[in-house]
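*Asks:* Chains as they are written, first to last, in my numbering: chain A, 107 to 264; chain B, 1079 to 1176.
A single structure is presented below for examination.
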């Protein structure tokens, strides 16, 4: 699975304002809403579901990366977005580090396989230090889109 | 004996596979040992102390992985991790991935 299969280009955020876990999730889900990827009347329900998942254990998976996510009945295909925080956010990450890079995923109830393949792709690409560092330093959504496209084309050698 | 080595092949037996929650438990447990511990699947290696690296292996139910440890407590580390795999990471079979 490639980034292009689930990242909504219109929802990418290169300059997260939020400085707390809930605020980050709200800002990113708002991005999906603005990009027309989720229905407005489901906004609160999706935010709540992602926060509930975080209660089970942080999705801050180390190296300044977090992958907040949930299943939700309002989507019929996997939708996701990327956001970068220059300052970094305390996300209760497993390694205690601040999180600078977020991949948020909302998947349909009945497609757990897609969700795992997306996480596998994200983590495989992020194991490449160059890709990871370039993403964290990206200054515009366009720059992030470019980096994801290059990763999809295996230009980071993973 | 600080270069002791231990290894064991284990099978992923929980329904949802190596998703974030079970992997987090593996990383937490691995971090309690001084040994370097790696999880190897299809010739891909991941540091067992890194959730990000293990997530990239994409381990599914029924697949085998090799646990490999190097260091003075290597045997204990492999023992503990193998038990966690055997216990399905304490997950209920009905749990979805997350």
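Cβ coordinates follow ideal geometry from the N, Cα and C atoms, glycine included.
One question on the structure: do residue 221 of chain A and residue 229 of chain A come within less than 8 Å of each other, judged by their Cβ atoms?
*Replies:* Translated into the one-based positions of the first chain, residue 221 of chain A becomes position 115. Translated into the one-based positions of the first chain, residue 229 of chain A becomes position 123. No; because the gap between Cβ atoms is not below 8 Å, this pair is not in contact.
*Asks:* In the DSSP assignment, find the unbroken alpha helix (DSSP H) run with residue 181 of chain A in it and report its ends.
*Replies:* Residue numbering aside, residue 181 of chain A sits at position 75 when the first chain is read from its first letter. Premise fails: residue 181 of chain A is in no alpha helix (DSSP H) and is neither H nor E.
*Asks:* Using a Cβ-Cβ distance under 8 Å, would residue 229 of chain A count as near chain B?
*Replies:* Mapped onto the first chain, residue 229 of chain A falls at position 123. Yes, contact with chain B.
*Asks:* Assuming residue 170 of chain A and residue 207 of chain A form a contact by the criterion Cβ under 8 Å, report the distance between their Cβ atoms to the nearest whole angstrom.
*Replies:* For the purposes of this step, residue 170 of chain A is taken as residue 64 along the first chain, with counting starting at 1. For the purposes of this step, residue 207 of chain A is taken as residue 101 along the first chain, with counting starting at 1. Confirmed, about 6 Å.
*Asks:* For residue 171 of chain A, which residues in chain B fall below 7 Å Cβ to Cβ?
*Replies:* Walking along the first chain from the start, residue 171 of chain A turns up at place 65. Residues of chain B passing the Cβ test: 1130.
*Asks:* Determine which residues share a DSSP beta bridge with residue 1125 of chain B and list them.
*Replies:* In the second chain, residue 1125 of chain B corresponds to position 47, counting from 1. Beta-bridge pairing links residue 1125 of chain B to B:1116.
*Asks:* Excluding the 5 residues flanking residue 205 of chain A on each side, which residues of the same chain have their C-beta closer than 6 Å to its C-beta?
*Replies:* Your numbering for residue 205 of chain A matches position 99 in the first chain. 166, 170, 172, 195, 197 and 199.
*Asks:* According to DSSP, is residue 1083 of chain B helix, strand or coil?
*Replies:* The residue you call residue 1083 of chain B lines up with position 5 of the second chain. Residue state, collapsed to three classes: strand.
*Asks:* Give, in chain order, every residue of the stretch 194-218 of chain A whose Cβ lies closer than 7 Å to some Cβ of chain B.
*Replies:* Cβ contacts with chain B come from 200 and 218.
*Asks:* Just to confirm the assignment, what range does the beta strand (DSSP E) spanning residue 1142 of chain B have?
*Replies:* As a first step, residue 1142 of chain B is located in the second chain; it is residue number 64 there, counting from the start. Residues 1142-1148.
*Asks:* For residue 239 of chain A and chain B, any beta-carbon pair shorter than 8 Å?
*Replies:* The sequence position of residue 239 of chain A within the first chain is 133, counting from 1. No - not a single Cβ of chain B is within 8 Å of the one on residue 239 of chain A.
*Asks:* Is DSSP giving residue 119 of chain A helix, strand or coil here?
*Replies:* Counting from one through the first chain, the residue named residue 119 of chain A turns up at place 13. The answer is strand: DSSP assigns residue 119 of chain A an E or B state.
*Asks:* Just verifying my parser: in three-state terms, what is the DSSP assignment at residue 144 of chain A?
*Replies:* Stepping through the first chain from its first residue, residue 144 of chain A is reached at position 38. Here residue 144 of chain A sits in coil by DSSP.
*Asks:* Whole angstroms are fine: how far does the CA of residue 157 of chain A sit from the CA of residue 254 of chain A?
*Replies:* The residue you call residue 254 of chain A lines up with position 148 of the first chain. The residue you call residue 157 of chain A lines up with position 51 of the first chain. Roughly 26 Å separates the two Cα atoms.
*Asks:* May I ask you to report which of helix, strand or coil DSSP gives residue 213 of chain A?
*Replies:* For the purposes of this step, residue 213 of chain A is taken as residue 107 along the first chain, with counting starting at 1. Looking at residue 213 of chain A - three-state DSSP - the assignment turns out to be strand.
*Asks:* Since residue 167 of chain A meets chain B, which of its residues come closer than 7 Å, beta carbon to beta carbon?
*Replies:* Mapped onto the first chain, residue 167 of chain A falls at position 61. Neighbours of residue 167 of chain A on chain B, chain order: 1098, 1129, 1130 and 1133.
*Asks:* With respect to the alpha helix (DSSP H) encompassing residue 152 of chain A, which residues constitute its N-terminal and C-terminal limits?
*Replies:* Within the first chain, numbered from 1, the residue matching residue 152 of chain A stands at position 46. Run containing residue 152 of chain A: 149-161, per the alpha helix (DSSP H) assignment.
*Asks:* Can you say whether residue 145 of chain A is buried or exposed, counting buried as having 16 or more other CB atoms within 10 angstroms of its CB?
*Replies:* In the first chain, the residue the question calls residue 145 of chain A occupies position 39. That one is exposed.
*Asks:* Against chain E, does residue 1126 of chain B count as a neighbour if the rule is that its beta carbon must be under 8 Å from one of theirs?
*Replies:* In the structure shown, chain E cannot be found, because the protein chains are A and B.
*Asks:* Tell me the residue span of the alpha helix (DSSP H) that contains residue 250 of chain A.
*Replies:* As a position in the first chain, residue 250 of chain A is number 144, starting the count at 1. Its alpha helix (DSSP H) spans residues 247-258.
*Asks:* Using the beta-carbon of each residue, which ones in chain B are nearer than 9 Å to residue 184 of chain A?
*Replies:* As a first step, residue 184 of chain A is located in the first chain; it is residue number 78 there, counting from the start. None at all; the shortest Cβ gap to chain B is about 12 Å.
*Asks:* Which residue marks the beginning of the alpha helix (DSSP H) containing residue 219 of chain A, and which one marks its end?
*Replies:* To locate residue 219 of chain A, count along the first chain from 1; it is residue 113. Residues 218-232.
*Asks:* Using only the alpha-carbon positions, how far apart do residue 242 of chain A and residue 120 of chain A sit?
*Replies:* The residue labelled residue 242 of chain A in the question sits at position 136 within the first chain. The residue labelled residue 120 of chain A in the question sits at position 14 within the first chain. Their Cα atoms are separated by approximately 9 Å.
*Asks:* For residue 1093 of chain B, which residues does DSSP report across the bridge?
*Replies:* Against the second chain, residue 1093 of chain B aligns to sequence position 15. Residue 1093 of chain B is not bridged to any residue.
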